[in-house]
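Notes to accompany the following structure.
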Amino acid sequence: MVNNLNITDELKNKFGSEKIAEQETRDDVPTVWVDKADVGSVLRYLKNQINEPYKMLYDLTAIDERSRSNKVLAFDNDFTVVYQLFSFGRNQYLRVKVPLKGEYPSIGTITDLWPCANWYEREVWDMFGIKIDGHPHLERILMPNWWQGHPLRKEHPARATEMQDFAFSEKELVEQQRMLEFKPEDWGMKRHSQSSQDSDFMFLNLGPHHPGTHGVLRIVLQLDDEEIIDAVPDIGYHHRGAEKMGERQSWHTYIPYTDRVDYLGGVMNNLAYLMAVEKLAGIEVPQRAQVIRVMMAELFRVASHLVWYGTFAQDLGALSPVFYMFTDREYLFDIVQAITGGRMHPNWFRIGGVAQDLPVGWGGMVRGFLDYMPARMREYDKLVMDNEILKARTKGVGAYTQDEAIEWGVTGPGLRACGLEWDFRKKTPYSSYENFDFEIPTGQNGDCYDRAVVRVEEIRQSLRIIRQCVDNMPAGPYKADHPLTTPPLKEHTMQDIETLIAHFLTVSWGPVMPVGEAFFGIEATKGNNGYYVISDGNTVSYRTRIRTPSFPHIQMLSKISKGGMVADLIAILGSIDFVLADVDR
Numbered sequence: 007m008v009n010n011l012n013i014t015d016e017l018k019n020k021f022g023s024e025k026i027a028e029q030e031t032r033d034d035v036p037t038v039w040v041d042k043a044d045v046g047s048v049l050r051y052l053k054n055q056i057n058e059p060y061k062m063l064y065d066l067t068a069i070d071e072r073s074r075s076n077k078v079l080a081f082d083n084d085f086t087v088v089y090q091l092f093s094f095g096r097n098q099y100l101r102v103k104v105p106l107k108g109e110y111p112s113i114g115t116i117t118d119l120w121p122c123a124n125w126y127e128r129e130v131w132d133m134f135g136i137k138i139d140g141h142p143h144l145e146r147i148l149m150p151n152w153w154q155g156h157p158l159r160k161e162h163p164a165r166a167t168e169m170q171d172f173a174f175s176e177k178e179l180v181e182q183q184r185m186l187e188f189k190p191e192d193w194g195m196k197r198h199s200q201s202s203q204d205s206d207f208m209f210l211n212l213g214p215h216h217p218g219t220h221g222v223l224r225i226v227l228q229l230d231d232e233e234i235i236d237a238v239p240d241i242g243y244h245h246r247g248a249e250k251m252g253e254r255q256s257w258h259t260y261i262p263y264t265d266r267v268d269y270l271g272g273v274m275n276n277l278a279y280l281m282a283v284e285k286l287a288g289i290e291v292p293q294r295a296q297v298i299r300v301m302m303a304e305l306f307r308v309a310s311h312l313v314w315y316g317t318f319a320q321d322l323g324a325l326s327p328v329f330y331m332f333t334d335r336e337y338l339f340d341i342v343q344a345i346t347g348g349r350m351h352p353n354w355f356r357i358g359g360v361a362q363d364l365p366v367g368w369g370g371m372v373r374g375f376l377d378y379m380p381a382r383m384r385e386y387d388k389l390v391m392d393n394e395i396l397k398a399r400t401k402g403v404g405a406y407t408q409d410e411a412i413e414w415g416v417t418g419p420g421l422r423a424c425g426l427e428w429d430f431r432k433k434t435p436y437s438s439y440e441n442f443d444f445e446i447p448t449g450q451n452g453d454c455y456d457r458a459v460v461r462v463e464e465i466r467q468s469l470r471i472i473r474q475c476v477d478n479m480p481a482g483p484y485k486a487d488h489p490l491t492t493p494p495l496k497e498h499t500m501q502d503i504e505t506l507i508a509h510f511l512t513v514s515w516g517p518v519m520p521v522g523e524a525f526f527g528i529e530a531t532k533g534n535n536g537y538y539v540i541s542d543g544n545t546v547s548y549r550t551r552i553r554t555p556s557f558p559h560i561q562m563l564s565k566i567s568k569g570g571m572v573a574d575l576i577a578i579l580g581s582i583d584f585v586l587a588d589v590d591r
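Residue numbers for the sequence shown follow my numbering, so the first one is 7 and each next one is one higher.
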């Protein structure tokens, strides 16, 4: 991270050193503690008044501190609310923490500062039971309304075997059905148009089972004829407790769970998680392992974009491209399988490197794919991107400005489509990306078509990066020689009984990570994907937070679809390129 200015000193000068407490972290992200009464003014200053402001609310989450043995700064707090901001001018994250006391504490809303805080604050209430004072619609967001308890509190069970069987009484079933009744007012909608109290709007469910939603997603549409007055997404159908699982699995055995978050991104999910864990552990990954990771990550970026490309064309009425592009994806998966043994979810990255070295003949297979794809891409340009019907359906549809994108937490191709040349592989290089030559594709209009243009060009740039990996793969180890590397290097195992026991315990129980916290965010297939992990000095994470790009992107759906037609909504959904497991976790 580039630290242009000492932000903590700036805050102390503005608000007084007695109101700003600084915390050291293992990830070097500036972290400050602020009292609940002052957090609103501090956040407002950071967003609107400071030089090179923190315009993006990158994430907002909470921590249940009640079982933590190693609390920071001797705060006697029961919960912590964490605001993570990002400044494009400083190229810097900032973490603002607020300690809270009480079994069910409260904190004020910041939806007046950042509209994207709406869903994040609802999630904090849903998962932790922390009340958000002044929130416009404080309802559950991931769990059903009838759920008892708040899943990320420490007293909530982490396994189904620890919970009672679901057996509802007839009265409870009737109550659940009542909760499912649709009332427009509960969704912030109005029954009547302003022009006439006698003219009702039409309310239509798009989903939860609809091919245009690409999974189980419900969108409640408020229509005036076919014009969209409002569109409210109803998420949570894919929620599987991914963050809760991080508290019960060892640092090592949690890796395959990350595969299933953005299930089209494959090893890209592993990379963000492992780089946070390696930052926490102080592990330096060897150069060869770094380049192998880059190559595999870019192969999966191509695979994910091919799925988007084909289904986007299909959503707009072109049926042939999806079959061609899925065929190309299978070619790519043959390479992934030859290298890792897996296809969609190879679970191949490890703490400290990768599972094994590249097999004999890997280079020829990858080069064959690189030689094959350019002609295919030119064919797809003619078939899809140059199609006049597709252009008419997508140009000027679902557009937003650069400022709006930042306000709503948009990253990745959706942000670059507005004209901002921002790619975290370039701006905050990781895993040796600083050694690669590639361009950052951008658009100008921030509409459906420009989002598509950016992703198509990204496929070409990923192929360019992969070729550089093949041509310049360094020699050396594929895994770090570090005590916390998991599994440990096999050659260290059979020296004596102590090394054998160490190997057995590290694999079975998992490594014991040092006390502390670390975050790492990467340029994933759909935007910035970040993992924030906290260790209490144990074999499992005390808190694992997954910041996914699809969550804020889908939240913006209501804003960019108003005034359009139902058919436009299908184009908008396709252009966002979301995965619902990435939304719901």
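A virtual CB, placed ideally from N, CA and C, is assigned to each residue, including glycine.
### Message
For Val273, report the span of its alpha helix (DSSP H) as first-last.
### Response
Counted from its first residue, the sequence shown places residue 273 at position 267. Here the alpha helix (DSSP H) through Val273 covers 273-287.
### Query
So who's on the other strand from Arg356, going by DSSP bridges?
To locate residue 356, count along the sequence shown from 1; it is residue 350. DSSP links Arg356 through a beta bridge to Gly359.
### Task
Look at Val476 and Gly367 and say whether their C-beta atoms are less than 7 Å apart.
As a first step, residue 476 is located in the sequence shown; it is residue number 470 there, counting from the start. As a first step, residue 367 is located in the sequence shown; it is residue number 361 there, counting from the start. No, they are not a contact pair.
#### Entry: Distance between Thr86 and Lys25 (C-alpha atoms, nearest Å)
Locating residue 25 in the sequence shown gives position 19, counting from the first residue. Locating residue 86 in the sequence shown gives position 80, counting from the first residue. If you take the alpha carbons of Lys25 and Thr86, they lie about 16 Å apart.
### Task
Name the one or two DSSP bridge partners that Met479 has.
Working through the sequence shown from its first residue, we reach residue 479 at position 473. BP columns for Met479 are empty, so no partner.
### Message
Does the contact criterion of 3 or more C-beta pairs under 8 Å hold for the region 349-367 versus the region 488-498?
### Response
Contact annotation: the region 349-367 touches the region 488-498, with at least three C-beta pairs closer than 8 Å.
### Query
If you measure from the CB of Ile136, is any heavy atom of the ligand PLP nearer than 6 Å?
Questions concerning the ligand PLP fall outside what the structure shown contains, since it holds no ligand whatsoever.
### Message
Given this structure, state the Cα-to-Cα distance separating Asp41 from Gly95, to the nearest angstrom.
### Response
Counting from 1 along the sequence shown, the entry for residue 41 is found at position 35. Counting from 1 along the sequence shown, the entry for residue 95 is found at position 89. Gly95 has its alpha-carbon roughly 27 Å from the corresponding atom of Asp41.
### Query
If you count every other CB in all the chains shown that lies within 10 Å of the CB of Thr346, and 16 or more means buried, which is it?
Translated into positions along the sequence shown, residue 346 becomes position 340. By the neighbour-count rule (16 or more Cβ atoms within 10 Å), Thr346 is buried.
### Query
Using CA coordinates, which residue listed in Glu440, Thr512, Gly404, Asp502 is at the minimum distance from Lys568?
To locate residue 568, count along the sequence shown from 1; it is residue 562. Cα-wise, what sits closest to Lys568 is Gly404.
### Task
Would you kindly work out how many angstroms separate the C-alpha atoms of Tyr99 and Arg431, rounded to a whole number?
Locating residue 99 in the sequence shown gives position 93, counting from the first residue. Locating residue 431 in the sequence shown gives position 425, counting from the first residue. Roughly 15 Å separates the two Cα atoms.
### Message
Please classify Pro419 as buried or exposed, where buried requires at least 16 neighbouring CB atoms within 10 angstroms.
### Response
The count along the sequence shown starts at 1 and reaches residue 419 at position 413. It is buried - the Cβ of Pro419 has at least 16 other Cβ atoms within 10 Å.
### Task
Say whether the region 266-279 touches the region 177-190, bearing in mind that this needs 3 or more beta-carbon pairs closer than 8 Å, one atom from each stretch.
The region 266-279 is not in contact with the region 177-190.
### Task
Look at Arg549 and Lys285 and say whether their C-beta atoms are less than 7 Å apart.
Working through the sequence shown from its first residue, we reach residue 549 at position 543. Working through the sequence shown from its first residue, we reach residue 285 at position 279. Judged by their CB atoms, Arg549 and Lys285 are not nearer to each other than the 7 Å cut-off.
#### Entry: In chain order, each alpha helix (DSSP H) run of at least 4 residues that lies wholly inside the region 93-143
If we require 4 residues or more, the alpha helix (DSSP H) runs fully inside the region 93-143 come out as 123-134.
### Own chain residues within Cβ distance below 6 Å of Asp574, not counting five before or after
Along the sequence shown, one-based indexing puts residue 574 at 568. Excluding sequence neighbours, Asp574 sits near Val403.
### Message
Can you list, in chain order, the residues of its chain with a C-beta nearer than 7 Å to that of Thr505? Leave out the 5 residues immediately preceding and following it.
### Response
Working through the sequence shown from its first residue, we reach residue 505 at position 499. Contacts found: His498, Thr499.
### Contacts around Gly482, its chain only, beta-carbon distance under 7 Å, and the 5 residues preceding and following it disregarded
Here residue 482 refers to the residue found at position 476 of the sequence shown. So the qualifying residues of the chain are Pro292, Gln293, Arg294.
### Query
What are the complete alpha helix (DSSP H) segments, minimum 4 residues, inside the region 165-251?
Correct list: 176-186, 248-251.
### Query
How would you write the range of the beta strand (DSSP E) that Gly522 sits in, first residue to last?
Within the sequence shown, residue 522 is the residue found at index 516, counting from 1. 522-529 is the extent of the beta strand (DSSP E) around Gly522.
### Query
Taking the Cβ atom as the reference point for each residue, do Gly516 and Trp257 lie within a distance shorter than 7 Å?
One-based indexing of the sequence shown puts residue 516 at position 510. One-based indexing of the sequence shown puts residue 257 at position 251. For Gly516 and Trp257, yes; Cβs fall inside 7 Å.
### Query
In terms of DSSP beta bridges, what is Val539 paired with?
Translated into the one-based positions of the sequence shown, residue 539 becomes position 533. Looking at the DSSP assignment, Val539 forms a beta bridge with Ala524, Thr550.
### Task
Between the Cα of Lys137 and those of Ile582, Trp314, Leu106, His244, spot the shortest distance and give me the residue it belongs to.
Against the sequence shown, residue 137 aligns to sequence position 131. Nearest Cα to Lys137 within the set Ile582, Trp314, Leu106, His244: Leu106.
### Query
Are the beta-carbon atoms belonging to Leu144 and Trp131 less than 7 Å from one another?
What you label residue 144 is simply residue 138 of the sequence shown in a count that begins at 1. What you label residue 131 is simply residue 125 of the sequence shown in a count that begins at 1. In this structure, Trp131 lies closer than 7 Å to Leu144 by Cβ.
### Task
List the whole-angstrom C-beta distance separating Ser438 from Val297, where the pair is believed to meet the contact cut-off of C-beta under 8 Å.
Taking the first residue of the sequence shown as 1, we reach residue 438 at position 432. Taking the first residue of the sequence shown as 1, we reach residue 297 at position 291. Rounded, the Cβ-Cβ distance is 6 Å, consistent with contact.
#### Entry: Other residues of its chain near Trp152: CB distance less than 8 Å, five sequence neighbours each side excluded
Counting from one through the sequence shown, the residue named residue 152 turns up at place 146. Cβ neighbours of Trp152 within its own chain (closer than 8 Å, five residues either side excluded): Glu178, Glu181, Gln182, Met185.
### Query
Where does Tyr269 fall in DSSP's three states?
The residue given as residue 269 occupies position 263 in the sequence shown. Judged by DSSP in its simplified three-state form, Tyr269 adopts coil rather than helix or strand.
#### Entry: Beta bridge counterpart(s) of Ala68 as assigned by DSSP
The residue given as residue 68 occupies position 62 in the sequence shown. Val87, per the DSSP bridge assignment.
#### Entry: Simplified DSSP assignment, three categories, for Gln29
Indexing the sequence shown from 1 puts residue 29 at position 23. In the displayed model, Gln29 falls within a strand according to three-state DSSP.
### Task
Alpha carbon to alpha carbon, how far is Asp236 from Met195? Give it in angstroms, no decimals.
Numbered from its first residue, the sequence shown carries residue 195 at position 189. Numbered from its first residue, the sequence shown carries residue 236 at position 230. Straight-line Cα distance between these residues: approximately 8 Å.
### Task
Measure from the alpha carbon of Gly108 to the alpha carbon of each residue in Arg159, Val342, Asp84, Val459, then state which is nearest.
Counted from its first residue, the sequence shown places residue 108 at position 102. It is Asp84.
### Task
Go ahead and label Gly288 buried or exposed: buried means 16 or more other beta carbons lie within 10 angstroms of its beta carbon, across all protein chains shown.
The residue you call residue 288 lines up with position 282 of the sequence shown. Counting every other CB atom within 10 Å of its CB across the protein chains shown gives Gly288 a total below 16, marking it as exposed.
### Task
Determine the extent of the beta strand (DSSP E) in which Val592 is found, giving its start and end residues.
The structure shown does not extend to residue 592, since the chain spans only 7 to 591, so no value can be given for it.
### Pairwise C-alpha distance: Gly247 and Gly221
Translated into positions along the sequence shown, residue 221 becomes position 215. Translated into positions along the sequence shown, residue 247 becomes position 241. One C-alpha to the other measures close to 18 Å.
### Message
Taking the straight line between their C-alpha atoms, what separation do you get for Tyr126 and His216?
### Response
To locate residue 126, count along the sequence shown from 1; it is residue 120. To locate residue 216, count along the sequence shown from 1; it is residue 210. For Tyr126 and His216, the gap between their C-alpha atoms comes out near 26 Å.
#### Entry: Lys20: first and last residue of the uninterrupted alpha helix (DSSP H) it sits in
Translated into positions along the sequence shown, residue 20 becomes position 14. In the DSSP annotation of this structure, the continuous segment of the alpha helix (DSSP H) that includes Lys20 starts and ends at 13-21.
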